[in-house]
Every structure is written in C-alpha cells, then in structure tokens.
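Structure, as structure tokens:
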Amino acid sequence: MSVVEEYQPVFTGKTLDRLREIFTRYPTKAAAMLPALWLVQEARGWVSDRSMVEVGELLGVTPAHVRGVVTFYTMFHQHPVGRNFVQVCTTSPCNLCGAEDVVQAFLEHTGARELGATSPDGAWTVTEVECLGACGFATPVLVNADFVESVTPERVPEIVRKYK
Amino acid sequence: MGFPHNPHARETVLLSQYFGDPEARSYKGWVKRGGYEALQQALAMPPAAVTDVVKESGLRGRGGAGFPTGLKWTFMPKEKDKKKPHYLCVNADESEPGTFKDREIMRWTPHALLEGTLITMHAIQADVAYIYIRGEFTEPFAVMEQALAEATAAKALGTFKIYLHKGAGAYICGEETALMSSIEGKRGNPRIKPPFPAAFGVFGMPTTINNVETLAVVPHIITHGAAWHKAMSLSSPKSTGTKLFSVCGHIQKPGNYEVTMGFPLKDLVYELAGGMRPGRTLKACIPGGSSVPILNREETERCLLDYEGCVAEGTLLGSGGVIVFDDSADMVYQIMRLARFYAHESCAQCTQCREGTAWTTKILERVLAGQGKMQDLDLLLDLAENMTGKTICVLSDSCAAPVVSGIKKFRGEFEDYIAGRRRAMVA
Ligand SMILES: Cc1cc2nc3c(=O)[nH]c(=O)nc-3n(C[C@H](O)[C@H](O)[C@H](O)COP(=O)(O)O)c2cc1C
Ligand code: SF4
Ligand code: FES
C-alpha cells in the first residue's frame, strides 16, 4: 500500500498573516503573486505543484496561471535544490575577469561536479547565472541569499567551508 | 562590503558623495547631511512647478533611453480623477550587463532614492510608488527596507505610500511595460505601446516609470535649481548634469565614477579607472551597457560621454555601463556570450526575437567551434536586420547591436575562426 503524504499548507499562522499584510499593498489579490511565491520558497526551498494550487486558491487565479508565472522567473525552483544554492555570474564582463574558473572551483570543492546537479550529500547545487548587476566586483556569487563580491578560485574553499 | 575607490579629483560627486559612508544610510545620518530638505521645499510648491524645474534642468532618464524626465511627468493627467489613483514605478531592476550603479545608490544612499521618489510622487500626484528591486539584490533590498521603515517612523512619507517589490530573476522586467506586468503578478511580458503608461499603466491607472539614478538626482535639482543643473555640461547642451559610469571588464580599477556629462571616455578609462593591466592595450569598449554598439580603440579615444557624443561615434550612452576589452579579449567569444544572454532573456513573445536571438547564438557557437562558413557572417547580419525595429520591445535590437558592430569592426577575428587560423573552441 502506498502512503500518500498529506500536503501541509504553507499559508497558516504567521505566514498567512504576512500574506494578508501583503494584500494591503496592491489593489488586486493577484498582484501578491511574486511575494506569495517568495514566501513559499522561503518555507519549502522550492515551489511544488501543490503549492502552486494553494497560491492560486488564495489569490483567486488558476493553477495554470501560477505555473506560467513560476516558469517565467529563473529564481523560483520547480524542483528541490541543495541546501546551499550557488549562483555564479558568467556573463561577458565577469567572463573577461575569469568567472569560468570560479564556476569550476565551486563544482570541484562542493562535490556538485555538474552544473545544476545536486551534490551526493544534498548540500550543494551550483548554477551559472546571467549578470548579477555587480560587474565591477567580478566575480559576484550568490550563496543562498548572501551576495559575495569579488570571488576568485582561491577564495572558493573558504566560502564552501563557511556554509558546510 | 566596502567601496573600491575614493573619488578622483576629476569626478563631480553628487550622487556618489556618500558612497562608502555607512552613517549616511540611516535616516538620522541622512538628515544630518541635509537630507529631506529638498522634499520640504518641493512639497511647498505646486506639483506643476516641481515638474517645470525638472523640465528646465534638462535632466534625461538614466535608465537607458535618455527620455527627458520633466516632459515624461507632464504626460500624467493634470486633473486627477478620484477613481483613478496615480502610480510611480521605480525601476531598480538593474540587469544590463556592465551596469551596477543603481545598486550602489540603494546600498549607500537609500534615502536619496526615497527622497527623490517622494518629490516625484508629489509632482505627478501619485498615491502609491512601487520600487521594483531585482530579486538577486538581496543586500540593497535589506538596506532599502530598513530605510523605508525609518523614514516611515519619522513620518517623512506623509500620506504617500511606498512599497518594495522584489523581482525573481528576469532581465526583461527592466523594460517598463514588463515591469508593470510583473508588479501585477503576471509573467514579465512587455506590452505593445500605445497605450502609454501615463494613460494606462500599472493596474490600468496613470503611471510614470523612472530609473533609480534619475530619481536620486531630483532632490539636488530642487535644492540647487534648474540653472545650476543645466550648467553642468562639458559638451552638448542637450546633456546636462552628472552621470554615474560603471566601469568593468579588463580594467585596473573597476567601479563607479561620477562625471559631468560630456567627459571624455578616454580619460574615464585610462585615468580615473586606472587604465589597462600592465603590458595590455585597449582593443574595444562598450560605453552604455551590453545593448549598445561596440567601439574600437580609435572611437573609444574620441568618444565624449553624453547622449550626443555617443551617437556621433555610432553608439549610445544607454545605462552608462562601460565594458572594457583589452587585446587579450576574444571578441567572437564575447559577442557570442552577449548573444546568449539575450537568447536566455528573451520573453519569447515575438518570433523575430525568440528565433533571432537563438539562431544568432547558435551560428556564433558554430563559428567558434571552427565549423563556420564565410556566408555565416552575412547570415548573422541578415538576421540582425530582421531583429531590429520589428518587435514589441527593443531587447531584440539589443542583441543585434553588438553582433553588427562586432562583425563590422572585428571581422578579421571571425574570419580567423572560419578559416581555421584560430584554434576552435567548444563554448
Ligand atoms: C530589455 C530592456 C531592459 C531594461 N532594463 C532596465 C533596467 O534594468 N533599469 C532601468 O532603469 N531601465 C531599464 N530599461 C529602460 C526602461 O524601459 C525605461 O525606459 C526606464 O526605466 C525609464 O526610466 P528613466 O526615464 O528614468 O530612464 C530597459 C529597457 C529594455 C527595453
Ligand atoms: S522583443 Fe523579445 S523580449 Fe521584447 S517583447 Fe518581443 S520577444 Fe519579448
Ligand atoms: S556580468 Fe557579472 S555581474 Fe554583471
């Protein structure tokens, strides 16, 4: 017999209160979409199909509409990712300053090995992203919500140790 | 944190005066530096008078298009319909490769942005402002959140309402109509204009959209007057004030430099930003963010940094993101990388853009892999022509700009790959 895990809603208690406060900022409920999805990702680490249904119900839009939004924005995860999510900028200006070597160093030191894949211990996912708006601080890296400037391959082991 | 350089003697520091000074971030610290006086002054003036001063100052939008700011404000309805609130959208989506100035304004002088936002709200009679900050800007977001809380507690907002809205990773949301779609909770698809935002903007209401840097200048104009701002011009009288230039790429001292409009690009690169690395020479430069045509060395050394000076060299001032390439740069690879950026960021509504950006990237990858043909260069130019001036927004044109100028000015490098004179690479 398969056990179907029951979905625990994200929006209860304090999280629901936060959403209610967000509703007051916009003239339509549907406009609370991005903030609501951010709350889901904060709570669960990613946005599941079931969470999309929940958000749709609260905002009065269809689950398909929610899915359309989730898939449009690169920062929303449609699958679980590692506990630490690393985003390295590799757009032209950073590429000129050696961003590819920073990517390689992260893949190596985190054990994630492959871009977008999660390390065997579930701790790390490393991705390349487009311009992070900090090109004068090459190479900028986002580790979860922490924005780290001027990362060189030499600094990578120390950064990885900090988040272990 | 920390700011990479002290101002150079040839900079004119208005916006960047307090970059690196943590005390300026707090409400108290800002007031101590004369902050919020311009707001009081503006609130004592009729809205139309505020707009007139800004119009007279010659200020043009710093987000990329350079549209006259005061004129844009006059497009808003003068008589307010009670059922139609006015909105201000603050564009803090800064994602144009090469540009990182709005980030520094927000993280060091958040109250400069709030004050400029409030003055503008008064001028256009806005009830609500949304500051749209890209999702990756976690630190500027936190600083702005704190500043907004302090300003609210100090009752600096009066009856105006300001909310921060966090993006979620999409370059296209910096385009003004896409930004409005995104605030409404939709996919960030640009909309066909007309209707223009001043008539039918966010939530279908009259809306003005301005860039962070544009708004941060406004308090200075109110304090010092239109004539003072207009007088800051080293070349064309149609370009006034100071401008923050973000310098990056192959350069000794990357960072933001604030200079008066009309400043020579050559001096910005060689003098203020420290020039090339030892033993290197300048090969190319993109002066206005990745969406504008590339300059070769000769053009770079001639170019004056204002709207007209850039046009004279066949490029644009854009957002002021200066990307420097020295003689070690592989222009074919760099142009492919820029094309890939646009292919990745296209919202895919228009065929020319969706197909054009993807094809351009593929052909450039093929050339790099040593499998290109000479006809590919003409094909790229053909594609670029089809991508220019034919789509809902100009992202498509932006992809074409570096490709066309790149092939024109560095054709030899493309031909080397095609003829097998340069070692192929897998990109
Ligand atoms: C694809 C695209 C991306 C853009 N990104 C930005 C941006 O990140 N920040 C910005 O201020 N303007 C951006 N713009 C320009 C805006 O559409 C708009 O012109 C600007 O925000 C208006 O403000 P301003 O008049 O104060 O410059 C972009 C335009 C396009 C076509
Ligand atoms: S030009 Fe490209 S980005 Fe702009 S609306 Fe069309 S498809 Fe979208
Ligand atoms: S190109 Fe890397 S931050 Fe802009």
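Keeping their order, the protein sequence lines are chains A and B.
Take the first sequence: its letters are residues 52 to 215, numbered as in the numbering used here.
Take the second sequence: its letters are residues 240 to 666, numbered as in the numbering used here.
We treat Cβ as the ideally placed atom computed from N, Cα and C, and that holds for glycine.
Close Cβ partners of A/A83 (< 7 Å) along its chain, the five nearest in sequence each way excluded: Taking the first residue of the first sequence as position 1, residue 83 of chain A is located at position 32. If we look at A/A83 and ignore the five residues flanking it on each side, its Cβ neighbours are L70, I73, F74, Y77 and L110.
Cβ contact (3+ pairs, closer than 8 Å) linking the region 540-550 of chain B and the region 465-484 of chain B: Result yes; three or more Cβ-Cβ pairs closer than 8 Å.
Tell me which residues share the same chain as B/I574 and place their Cβ nearer than 7 Å to its Cβ, disregarding the 5 neighbours each side in the sequence. On the second sequence, position 335 is the one that residue 574 of chain B refers to. Annotation for B/I574: L603, P641, V642 and G645 place their beta carbon closer than 7 Å to its own, counting only its chain and skipping 5 residues before and after.
Between A/Y58 and chain D, is the shortest Cβ-Cβ distance under 8 Å, so that the two count as touching? In the structure shown, chain D does not exist; the protein chains are A and B.
Nearest-angstrom Cα distance between B/L310 and B/A283? Position 71 of the second sequence, counted from the start, is the residue given in the question as residue 310 of chain B. Position 44 of the second sequence, counted from the start, is the residue given in the question as residue 283 of chain B. B/L310 and B/A283: Cα-Cα distance of roughly 21 Å.
With a threshold of 7 Å, establish whether the CB of B/A638 neighbours any heavy atom of ligand 3. Within the second sequence, the letter at position 399 stands for residue 638 of chain B. The sequence as given places Cys at residue 638 of chain B; Ala does not occur at that position. Not so, every heavy atom of ligand 3 lies at least 7 Å from the Cβ.
Is it a yes or a no for the region 459-468 of chain B touching the region 428-436 of chain B, going by three-plus beta-carbon pairs under 8 Å? no
Rounded to the nearest angstrom, what separates A/L90 and A/V121 at their Cα positions? On the first sequence, residue 90 of chain A is found 39 positions in, with the first residue counted as 1. On the first sequence, residue 121 of chain A is found 70 positions in, with the first residue counted as 1. For A/L90 and A/V121, the distance between alpha carbons rounds to 13 Å.
Return the first residue and the last residue of the alpha helix (DSSP H) that B/A417 is part of. Position 178 of the second sequence holds residue 417 of chain B. From DSSP, the alpha helix (DSSP H) with B/A417 extends over E415 to I422.
If distances are taken between C-alpha atoms only, which option among B/M664, B/M500, B/R593 and B/K505 comes closest to B/A578? Here residue 578 of chain B refers to the residue found at position 339 of the second sequence. The residue from B/M664, B/M500, B/R593 and B/K505 with its alpha-carbon nearest to that of B/A578 is B/R593.
Under the DSSP definition of a beta bridge, which residues are partnered with A/E179? Taking the first residue of the first sequence as position 1, residue 179 of chain A is located at position 128. BP columns for A/E179 point to A/V139.
Determine the contact status of A/G184 and B/R373, defining contact as a CB-CB distance below 8 Å. Residue numbering aside, residue 184 of chain A sits at position 133 when the first sequence is read from its first letter. Residue numbering aside, residue 373 of chain B sits at position 134 when the second sequence is read from its first letter. Yes. Within cutoff.
Would you say B/N330 reaches chain A, if we count a Cβ-Cβ gap shorter than 8 Å as a contact? Stepping through the second sequence from its first residue, residue 330 of chain B is reached at position 91. No, B/N330 does not count as interfacial toward chain A.
Using a C-beta cutoff of 8 Å, does A/W89 count as contacting chain B? For the purposes of this step, residue 89 of chain A is taken as residue 38 along the first sequence, with counting starting at 1. Judged by the 8 Å Cβ criterion, A/W89 is in contact with chain B.
From the DSSP output, read off the bridge partner residues of B/P503. Counted from its first residue, the second sequence places residue 503 of chain B at position 264. Partner(s): B/L543.
Quick one: give me the first and last residue of the beta strand (DSSP E) that A/G64 is part of. Along the first sequence, one-based indexing puts residue 64 of chain A at 13. Unbroken run through A/G64 is the alpha helix (DSSP H), G64 to F74; no beta strand (DSSP E).
Inter-residue spacing [alpha-carbon to alpha-carbon] between B/A409 and B/E375: Position 170 of the second sequence, counted from the first residue, corresponds to residue 409 of chain B. Position 136 of the second sequence, counted from the first residue, corresponds to residue 375 of chain B. Roughly 10 Å separates the two Cα atoms.
Closer than 7 Å: is that where the CB of B/P493 sits relative to any heavy atom of ligand 3? Mapped onto the second sequence, residue 493 of chain B falls at position 254. No, Cβ of B/P493 sits at least 7 Å from all heavy atoms of ligand 3.
Nearest chain A C-beta to B/G337 closer than 8 Å, yes or no? Numbered from its first residue, the second sequence carries residue 337 of chain B at position 98. For B/G337, the answer is yes, since a Cβ of chain A falls inside 8 Å of its Cβ.
Contact list for A/M126 against chain B, beta-carbon separation under 7 Å: One-based indexing of the first sequence puts residue 126 of chain A at position 75. Correct list: G374, A407 and G408.
Hey, would you say the C-beta of B/L577 is under 7 Å away from at least one heavy atom of ligand 2? To locate residue 577 of chain B, count along the second sequence from 1; it is residue 338. Checking every heavy atom of ligand 2 against the Cβ of B/L577, none is found closer than 7 Å.
If you measure from each CB to the nearest heavy atom of ligand 5 and keep those under 6 Å, what residues do you get, in chain order? No copy of ligand 5 appears in this structure; the ligands present are ligand 1, ligand 2 and ligand 3.
B/I525 in three-state terms, based on DSSP: Along the second sequence, read from residue 1 onward, the residue named residue 525 of chain B stands at position 286. Looking at B/I525 - three-state DSSP - the assignment turns out to be strand.
Tell me the DSSP secondary structure of A/G107 in three-state form. Start at 1 with the first residue of the first sequence, and residue 107 of chain A comes out as number 56. Correct three-state label for A/G107: helix.
Between the Cα of A/L67 and the Cα atoms of A/D100, A/P86 and A/V98, which residue gives the shortest distance? Position 16 of the first sequence holds residue 67 of chain A. Of A/D100, A/P86 and A/V98, the residue nearest in Cα terms is A/P86.
Return the CA-CA distance between B/M240 and A/E200, expressed in angstroms with no decimal places. In the second sequence, residue 240 of chain B corresponds to position 1, counting from 1. In the first sequence, residue 200 of chain A corresponds to position 149, counting from 1. Here the model assigns B/M240 a pLDDT of 36, short of 50, so the residue's position is not dependable, and the following value carries that caveat. Rounded to the nearest whole angstrom, the CA to CA distance from B/M240 to A/E200 is 8 Å.
Does the region 265-281 of chain B come into contact with the region 443-456 of chain B, if we say contact requires no fewer than three beta-carbon pairs (one atom in each stretch) closer than 8 Å? Because the criterion of three Cβ pairs below 8 Å is not met, the region 265-281 of chain B and the region 443-456 of chain B do not touch.
Taking the beta carbon of B/A395 as the centre, do at least 16 other beta carbons fall within 10 Å, making it buried, or is it exposed? Residue mapping note: residue 395 of chain B aligns to position 156 of the second sequence, counting from 1. Answer is buried; the Cβ neighbour count reaches 16.
Leaving aside the five residues before and after B/A263 along the sequence, list all residues of the same chain whose C-beta is less than 7 Å from its C-beta, in chain order. Position 24 of the second sequence, counting from 1, holds the residue named residue 263 of chain B. So the qualifying residues of the chain are Y257, W269, R272, W347 and T348.
Chain-ordered residues of the region 112-142 of chain A with a beta carbon less than 7 Å from chain B: G119, V120, F123, Y124, T125, M126, F127 and T142
Cα-Cα separation, A/G133 to B/K319: Taking the first residue of the first sequence as 1, we reach residue 133 of chain A at position 82. Taking the first residue of the second sequence as 1, we reach residue 319 of chain B at position 80. Taking the straight line from one Cα to the other gives about 51 Å.
Measuring alpha carbon to alpha carbon, tell me which of B/A390, B/L556, B/L616 and B/A392 ends up nearest B/K647. Walking along the second sequence from the start, residue 647 of chain B turns up at place 408. Closest by alpha carbon: B/L616.
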